[in-house]
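Quick mapping for you: the protein sequence lines, in order, are chains A and B. So the number in this note's numbering is just where the residue sits in the first sequence, counting from 1, plus 511. So the number in this note's numbering is just where the residue sits in the second sequence, counting from 1, plus 1247. Beneath this line is the structure, given in structure tokens, with notes to follow.
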Amino acid sequence: MTLELPDNLRSLDEQLKQALQGFAPPANLDSKIVSHVSRRSRLRLVLPTPRIAKGAAALVAASLLAAVGYVADRQMNGGRSSGLFGDVSGLVAFNTKDREGKPSAYYLHDDIDFVSKGEDFKLRGEAEAQQGSAKDGRSDAPAARLDGLNTYTGMTTTGGGTLVLSDGDDRRGFRLEFNDGIKGKLKERSGADWNDGLVVNEVARDRTITISGKDSLPTSPHFRPERTASREGQQGEGRDESEVRGPRNAPPSFTVAQTGEDEKSSGGKPLPATDPGMPAPKPEAAPVPTEKPAAPERHKVIRNGTVEFEVDSFDVSLMTITKLVVENSGFVASTDSAKLPNGKTRGAVTLRVPPERLDTFVLMLRGLGDLKSQKISAQDVSKQYTDIESQLRASRAMEERLLDMIKKGNGSIKDLLAAEKELGVWREKIEKFEGEIRYYDNLISMSTLTVVLQERDIKASAASIEVETVSAGVETDDVEQARSEILKAIDEAQGRIITSDLKKLDAGQFSATIVAEVAQDRSGPVIDRLKQLGKVARLDIDRKQTTVDGTAPPMPGARVEQQPTRLTISLYNLANVAPRLTTTATLASGDVEAAYRKIMTLVEEAGGRIVTSQLQRPQPDQVQATMQIEVPSAQAAGAQDAITALGEVISLQLSENPDTANVTTAKQGFTVRIISVAGVAARETVTLQLASPDVVTAHQDLAGVAASLEAHVVQSNVTDGDGDNISAVLSLDLPRGALAEWDKARQAAGEVLTRSVVRSTDQHNTLDSKVRINLTFFPADRLPPRQITTAMLRVESSESQQQAFLAQAKNVGGRIIDQTMTRDANGRGTARVVLDVPRDKAGEILDDLRSAGEIWSMNTATNLQAPEGALSRTRFDLQFSERESLVSAESGFWSSIKAGLATSLKGLGYSLRLLVVAVCLIAPWAVVLWGGWKLLLRRAKPTVPPTSTEA
Amino acid sequence: MLLGSTHLSSPDDDLIRLAIAGHRPAFDLLVTHTSRLVWAHLILRCHDRAVAEDLTQETYLRAWRSIGRLKDPATFRGWLMAIAERVRLDAIKHRTRQKRGAAVTIHDAVDPPSNDSTPSEQAETSELSSRAIEALNALPTQYQQALSLRYLVGADYAEISRQLALTNGSLRGLLHRGLEMLRERLCPSNADAT
């Protein structure tokens, strides 16, 4: 990717590139940084301690680092290689011989920092090497690439690790595998494979490393890494590192025992340690006796993994993976992908990569996209592998023995045949075991990594469907004609009829339904045709985009597939459609039947339709009609006026149906209920008590007036109790318009005693056009007197006056209420008469009263409870007394003599009664007392004479 | 470049989070993603590759020690550049103390770019490089970073995008405008003529 620049800028661009190219960073800048950070980070753990402890801790740390470091030496000797390869605290060195046998040494700079046991992962950048003489281990040549080996990778796991130094293409390189940190194997790349290499048996505590392999190796050389000459050279150039970096921690030195010829070629004595703080180990203290090459420890581990990513593009990711897997010495085993209906791709890539690169490789894959899951597993098959190897060796031994038997030819033919047969069996076993070992080797040598890739928004739908549905309702007069027209229009639009039906209803109406599918771009003309066929009462056009499965929203910009428009058309007569507006009216009519017939006529004239009608007459005066009619909207207003004019409107309600598919505004519905006026109560009720001189006549008169006024008489009766107590009742519903004429007749009939008017609040079930009148007739003479006059008169003859007033009362039209006549022993008569006379005749009675005699008392009172009017009366309560004589008959002469004699005789008899009492009561006691006295006297008579002294 | 050919939607956020959690390998990958940026910043001010290298290493050492305190991964680059600047100032202070108040310019001389050219060409190139460094230093930070990566580091397009975490379009605009500004400063007469 290049930047496209105009000419003037392009020249400047080139100039700047040339002028500033000297500032480019070193190629291994990253590895240097990583090494620096790693080393300094570790050192930091021990630096904060006090000075003394710091030194001791530094020693311990250096020893530990040395103990976990790995050293390898490599000698190039006629195509065979041997040597050491190691790293301690960031310093790696090689001792080699070139093809001419000239010893040389390669020191890797300390920008390579190898791993310690237990660390999960290390990745290194490029490594520089310093070529020098292997004789003294010092560098004497300028820094250079290590023979093209410039890629340094390393990895440890819990059980071991791998250190690889290679060229960028992994064509050449060295690889140190170790199992537990102190034992391992050094391999050299041979084409695509690694040779068996050398076995690093052990790193001893005295830093002696023993190496063995398939070939008998020369004894290990003494080796001591040092600071490289290049660093010293940098320091010598005046670059004071300590000013910038601070003091470096010198790598600990270690010694590798060397015996045999190679000792001479590699220097023969330990190299002096450059770090003054670390005394150089004595060479004689370091050597370790040469050991027999030990059998390599075999840990056979199959490492597999599965990672799942969500990526932007499957293809791009697959290319990236392919590139990465080739870079990591692996290959793509299989690819399995599938393109989903929404255009997204999902698939799995099976990779085979070297197991030591599996973790590194998985981390590299992190750049593919979002990691969804990761699973790395390891299966130790060492036991199975060893068992198979043992069985293989035993089988081969058996094979050899059988071959020996056959070759020697000892035994019978039968035995030889048996041996050959047995040999076949064992060879089959050998092949099986070898196959199993190859199988395990394959699994062990290359890990299988399954990379599952799925593109983002895998569930999103890539395509959406646009569905249009048209639902229309058409009101038309001729359903059949309209249906055929629509079918023709659909046919012209090259549509498809799904269903089509035509129904004739009971009332003769038609309805038709058509369901069809028409291409979306051709649905417009069909819809326009509908509008020409009648009134499109309902038209719903619904267009929406959905996904195929409807589970996820369509992606923006997704492909839209237009489905045909589905038309659902309903055709119907107006009769089958309910009106949108309905008027509900309740009328009270005097003649229900006439109103009913008028409405029938009205509907017919207006071109409407009577849906239902009903006329009921349960009683002669209770006629009721119910009608449901439909009138075209144009005539609806006139029809409503005409209907309401047919009677008194009790209620009127206009309701509007919801605007749904089955209503129309082309017509208006009426629901009319007509009831008889007589069946409805009057809103106003007048109750009267009427006093009339002649009840029967008044009742008859008013009943006649009511009939003439077309009043509805509810009740009418006359009760004649005892001849005098006549009463009558008249109850009627009178039209309000005739009320004045009625009142006139009623006033002529009598006098209203009481009146009450009650007006109902119920306006729904009452009529105001009529008045209910309840009349109660009373005889006028039963009315209580308005005035009461009480008088007492002294007359010569009470009886004659009584008769005179009775006659006068009759003359003035009065009524005699009561009359009494008494006469005492002296013959004096007293008479009482009670009269009711008309008020206007009362004066005549009073005049007669004044001339009749001496008025002792007269009192007049007015009864306010009694009505004042033409029929009011005055009551007279009159009492007549005759005058008395001078002496009464009991005070006459003879009466006095008789009275005197009588009194004298009464006195005589009384004195005699006293004498008898005296004799009977006193005489005994007088006798007793006399005798006693006498007795006393006798005893008191003295026997001795009185003395002279006393005298 | 391990991941250079892979398109990453947000390449560094996961790595930064891992590094904040103490994951060293992730931090090492971050080093490869940002080391050129830090280098460009430091070389533009130090003019010395060796010093810039040391300061870059020290920058990342400090960054690793304190990355646990980084709150927002999105601010990683700014935070890293602040550390680089602080490291540079600390180095100047340290050197000042060492030289007891001597002049603080770390290096004024620019390394000769090539040994193949004639002395006059070298002198001309050296002058141009000095002026270019000056002009780059005077540019706004965003242009300065992009152009430094292009000319001082020699990074290609993809590398600059990754180091600055910019999209392709943004980077093109930055480079184009930055180059125009640089031309105005380096060749004012040409700029006026155009």
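Note that CB positions come from ideal geometry on N, CA and C, so glycine has one too. None of these values were measured; they are calculated from a predicted model.
*Throw me the rounded Cβ distance for the A/I1009 and A/E1028 pair, which I believe falls under 8 Å.*
Going by Cβ atoms, the distance from A/I1009 to A/E1028 rounds to 6 Å, so yes, they are a contact pair.
_Is it buried or exposed, A/I1408, if we count other Cβ atoms within 10 angstroms and call 16 or more buried?_
Label assigned to A/I1408: exposed.
*Taking buried to mean at least 16 other C-beta atoms within 10 Å of its own C-beta, is A/A950 buried or exposed?*
A quick correction: the sequence has Tyr, not Ala, at residue 950 of chain A. Exposed, because fewer than 16 other Cβ atoms sit within 10 Å of the Cβ of A/Y950.
_Let's see if you can read the secondary structure: which residues bound the alpha helix (DSSP H) around B/V1202?_
The structure shown does not extend to residue 1202 of chain B, since chain B is modelled only from 1248 through 1441, so no value can be given for it.
*Straight-line gap, B/R1335 to B/L1289 (C-alpha atoms, nearest Å)*: Their Cα atoms are separated by approximately 7 Å.
_Continuous alpha helix (DSSP H) stretch holding B/R1309: start and end_ = DSSP places B/R1309 in the uninterrupted alpha helix (DSSP H) bounded by R1296 to S1313.
_Cutoff 6 Å; reference A/T1024; Cβ partners in own chain excluding five residues on either side_ = Excluding residues within five positions, the ones whose Cβ falls inside 6 Å are D1012 and S1081.
*A/F944 CB to nearest chain B CB: under 9 Å?*
No, its Cβ sits nowhere closer than 9 Å to a Cβ of chain B.
*asked:* I believe A/V1047 touches A/A983 by the beta-carbon criterion, under 8 Å. Please report the beta-carbon distance rounded to the nearest angstrom.
replied: With 8 Å as the limit, A/V1047 and A/A983 qualify as a contact, their Cβ atoms being about 6 Å apart.
_For A/S884, would you say it is in contact with chain B, using Cβ-to-Cβ distances shorter than 9 Å as the test?_
By this cut-off, A/S884 is not an interface position.
*asked:* Assuming A/Q885 and A/V873 are in contact, meaning their beta carbons sit under 8 Å apart, how far apart are those beta carbons, in whole angstroms?
replied: Indeed they touch by this definition, with Cβ atoms about 7 Å apart.
*In angstroms with no decimal places, state the Cα-to-Cα distance between A/T1123 and A/G1190.*
The alpha-carbon atoms of A/T1123 and A/G1190 are separated by roughly 23 Å.
*Looking at the structure shown, is A/T897 part of a helix, part of a strand, or coil, going by DSSP?*
The answer is helix: DSSP assigns A/T897 an H, G or I state.
*Use the C-beta contact count for A/I899: other C-beta atoms within 10 angstroms, 16 or more gives buried, fewer gives exposed.*
Buried, since its Cβ has 16 or more Cβ neighbours within 10 Å.
_When you compare the stretch 1201–1220 of chain A with the stretch 1296–1314 of chain A, are there three or more beta-carbon pairs, one atom per stretch, that lie closer than 8 Å?_
Not touching, per the Cβ criterion.
*Within 9 Å (strictly less), CB to CB, does A/L869 reach chain B?*
No, because no Cβ of chain B sits closer than 9 Å to the Cβ of A/L869.
_Per-residue DSSP class, three states only, for B/L1418_ = In the structure shown, the three-state DSSP call for B/L1418 is helix.
*List, in order along the chain, the chain B residues whose C-beta lies closer than 9 Å to that of A/K528?*
Ordered by position in chain B, the residues that pass the 9 Å Cβ test against A/K528 are R1397, Y1398 and G1401.
_the stretch 1267–1294 of chain B: positions lying closer than 7 Å to chain A by Cβ_ = Listed by position along the chain: P1272, D1275, V1278, T1279, S1282, R1283, W1286 and I1290.
*So is A/P758 in contact with chain B if we call contact Cβ pairs under 9 Å?*
Its pLDDT being 30, under 50, A/P758 is placed unreliably by the model, and nothing is read from it.
*Given that B/D1319 touches chain A, what residues does it touch there, using C-beta distances under 9 Å?*
Within 9 Å Cβ-Cβ: nothing; B/D1319 doesn't reach chain A, min ~20 Å.
*Going by DSSP, name the residue or residues bridged to A/L1278.*
Answer by DSSP bridge pairing, in chain order: A/A1193.
_Can you check whether the C-beta of A/P536 is within less than 9 Å of a C-beta belonging to chain B?_
Output row for A/P536: interface = yes.
*Residue from B/W1326, B/S1417, B/E1371 and B/A1299 with nearest C-alpha to A/L540*: That would be B/A1299, whose Cα lies nearest to the Cα of A/L540.
_Just verifying my parser: in three-state terms, what is the DSSP assignment at A/R1449?_
Reduced to three states, the DSSP call for A/R1449 is helix.
*asked:* If you measure between the beta carbons of A/E979 and A/T1076, is that distance less than 9 Å?
replied: Contact flag set, yes.
*Compute the distance between the beta-carbons of A/V1188 and A/G1158, then report whether it is under 9 Å.*
For the 9 Å CB-CB criterion, A/V1188 and A/G1158 form a contact.
*Check A/D1273 in the structure and name its three-state DSSP category.*
Coil at A/D1273, not helix or strand.
*According to the Cβ coordinates, are A/D1044 and A/L1092 closer than 9 Å?*
The residue asked about is misnamed: residue 1044 of chain A is Leu in this sequence, not Asp. Result no, Cβ atoms of A/L1044 and A/L1092 do not sit closer than 9 Å.
*asked:* So, does the stretch 1253–1270 of chain A touch the stretch 1339–1357 of chain A, judging by three or more C-beta pairs under 8 Å?
replied: The stretch 1253–1270 of chain A, when compared against the stretch 1339–1357 of chain A, does not touch it at the 8 Å Cβ threshold.
*For the 8 Å Cβ check, are there 3 or more pairs between the stretch 1137–1157 of chain A and the stretch 1103–1116 of chain A?*
Yes, they touch.
_Three-way DSSP call (helix, strand, coil) for A/S1242 in this model_ = In the structure shown, A/S1242 falls within a strand segment according to DSSP collapsed to helix, strand and coil.
*Hey, how far is the Cα of A/E977 from the Cα of A/S1034?*
Rounded to whole angstroms, the gap between the alpha carbons of A/E977 and A/S1034 is 14 Å.
*Look up A/V1174 in the DSSP assignment and give the residues it is bridged to.*
Answer is A/A1089, bridged to A/V1174.
*Looking at C-alpha atoms only, which residue of A/H1210, A/Y1083, A/S845 and A/S1415 is the closest neighbour of A/V985?*
For the residues A/H1210, A/Y1083, A/S845 and A/S1415, the minimum Cα distance to A/V985 belongs to A/Y1083.
*With distances taken between CB atoms, is the gap from B/Q1389 to B/L1284 smaller than 9 Å?*
Their beta carbons are not under 9 Å apart, which means B/Q1389 does not touch B/L1284 by this criterion.
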